[in-house]
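Novice: Let me begin by handing over the structure; questions about it come next.
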Amino acid sequence: MPNTKIRDALAQATAYLTAHPNEARYTDSLATAVLESGLAVTVQGPNGASVATDMPTSVGGGDGAPSPGWLLRAAQASCLATLIAMRAAQQGIELGRIEVVVDSESDDRGILGLDDSVPSGPLSSRARVRIGGNRPPADQLGAIIRWAEVHCPVQDAVSRAIPCIVEATG
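First residue of the sequence shown: 1073, per the numbering used here; consecutive thereafter.
This is the structure we're talking about:
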């Protein structure tokens, strides 16, 4: 995947924010959730973006869309994949397929309010990164993945709140 466009855009953004650091901080775009029926929710975002969520039938949902917890893992996985691609592009490295698999461990006693000592969110999270095809030497790839882990906004939000493990596999 040619990444010259990504590298050039990142260089331009970096140069601009270096010259105008007071413009780097901003309020993120809104996500507005509306309960449609049962436990089905539609979330509206900027530029007409929307996401639907639902809960499994075991807790009264219709199982008609991914759960919010799955979307959290999807956000973590896609953000890490994006930051890996961005860092590789900055370094002029053309990676092959980037695959990030995120899983987490949860205890339903928390979400159901059965035990107030049990967190309602994930107890831990793990991201596994696999690069297929063209890949740099292991130490260079490890450095790219570590950079992505540290700079990924979703990974940061998750890891500051819960223990996380990021593993490079394959």
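Even glycine gets a Cβ: it sits at the ideal position worked out from N, Cα and C.
Model, not experiment: these values are computed from the prediction.
1) Any idea if Val-1222 is buried or exposed, counting beta-carbon neighbours within 10 angstroms, 16 or more meaning buried?
2) What first and last residue would you give for the alpha helix (DSSP H) that runs through Arg-1218?
3) In terms of DSSP beta bridges, what is Thr-1104 paired with?
4) Mind reading off the beta-carbon distance from Ala-1124 to Thr-1114? Whole number of angstroms is fine, and I expect it under 8 Å.
5) Can you tell me whether Asn-1075 is buried or exposed? The criterion is at least 16 other CB atoms within 10 Å of its CB, across all chains shown.
6) Given a cut-off of 7 Å on the beta-carbon distance, is the pair Asp-1126 and Leu-1111 in contact?
7) Thr-1154 lies in the alpha helix (DSSP H); which residues open and close that run?
8) Taking the alpha carbon of Gln-1163 as the reference point, which residue from His-1092, Pro-1208, Glu-1177 has its own alpha carbon closest?
9) Rounded to whole angstroms, what's the CA-CA distance from Asp-1175 to Ala-1240? Just pull it up for me.
10) Please report the straight-line C-alpha distance between Arg-1232 and Pro-1225, rounded to a whole angstrom.
11) Name the residue from Val-1230, Asp-1188, Leu-1167, Ile-1217 whose alpha carbon lies nearest to the alpha carbon of Pro-1194.
12) With a CB to CB cut of under 6 Å and the five nearest residues on each side skipped, what residues in its chain are close to Gly-1141?
13) Could you check the C-alpha separation between Asn-1119 and Leu-1089 for me, to the nearest Å?
14) Between Cys-1151 and the rest of its own chain, which residues show a CB-CB distance below 7 Å, the 5 nearest in sequence each way excluded?
15) From Gly-1204 to Ala-1096, what distance separates their C-alpha atoms?
16) Please state whether the Cβ-Cβ distance between Glu-1177 and Ser-1192 is less than 7 Å.
Specialist: Taking the coordinates as given:
1) Along the sequence shown, one-based indexing puts residue 1222 at 150. So Val-1222 ends up on the exposed side.
2) For this step, residue 1218 is matched to residue 146 along the sequence shown. If you look at Arg-1218, you'll find it in the alpha helix (DSSP H) that goes 1210-1223.
3) Against the sequence shown, residue 1104 aligns to sequence position 32. Note: Thr-1104 sits in a beta bridge opposite Gln-1116.
4) By one-based count along the sequence shown, residue 1124 stands at place 52. By one-based count along the sequence shown, residue 1114 stands at place 42. In this structure Ala-1124 is in contact with Thr-1114, their Cβ atoms being roughly 5 Å apart against a cut-off of 8 Å.
5) Residue 1075 sits at position 3 when you count from the first residue of the sequence shown. By the neighbour-count rule (16 or more Cβ atoms within 10 Å), Asn-1075 is buried.
6) Locating residue 1126 in the sequence shown gives position 54, counting from the first residue. Locating residue 1111 in the sequence shown gives position 39, counting from the first residue. Cβ atoms of Asp-1126 and Leu-1111: closer than 7 Å.
7) Looking up residue 1154 in the sequence shown gives position 82. From DSSP, the alpha helix (DSSP H) with Thr-1154 extends over 1140-1162.
8) For the purposes of this step, residue 1163 is taken as the residue at position 91 of the sequence shown. Taking only the C-alpha atoms, the option nearest Gln-1163 is Pro-1208.
9) Translated into positions along the sequence shown, residue 1175 becomes position 103. Translated into positions along the sequence shown, residue 1240 becomes position 168. Asp-1175 and Ala-1240: Cα-Cα distance of roughly 14 Å.
10) Along the sequence shown, one-based indexing puts residue 1232 at 160. Along the sequence shown, one-based indexing puts residue 1225 at 153. Cα to Cα, Arg-1232 sits roughly 11 Å from Pro-1225.
11) By one-based count along the sequence shown, residue 1194 stands at place 122. Selected option, being the one with the closest Cα: Val-1230.
12) For the purposes of this step, residue 1141 is taken as the residue at position 69 of the sequence shown. Around Gly-1141: no qualifying Cβ.
13) Your numbering for residue 1119 matches position 47 in the sequence shown. Your numbering for residue 1089 matches position 17 in the sequence shown. If I take the Cα positions, the gap works out to 24 Å.
14) For this step, residue 1151 is matched to residue 79 along the sequence shown. Once the five neighbours on either side are set aside, the close Cβ partners of Cys-1151 are Cys-1224, Pro-1225, Val-1226, Gln-1227.
15) To locate residue 1204, count along the sequence shown from 1; it is residue 132. To locate residue 1096, count along the sequence shown from 1; it is residue 24. Going by C-alpha positions, Gly-1204 is about 34 Å away from Ala-1096.
16) What you label residue 1177 is simply residue 105 of the sequence shown in a count that begins at 1. What you label residue 1192 is simply residue 120 of the sequence shown in a count that begins at 1. No, Cβ-Cβ distance for Glu-1177 and Ser-1192 is not below 7 Å.
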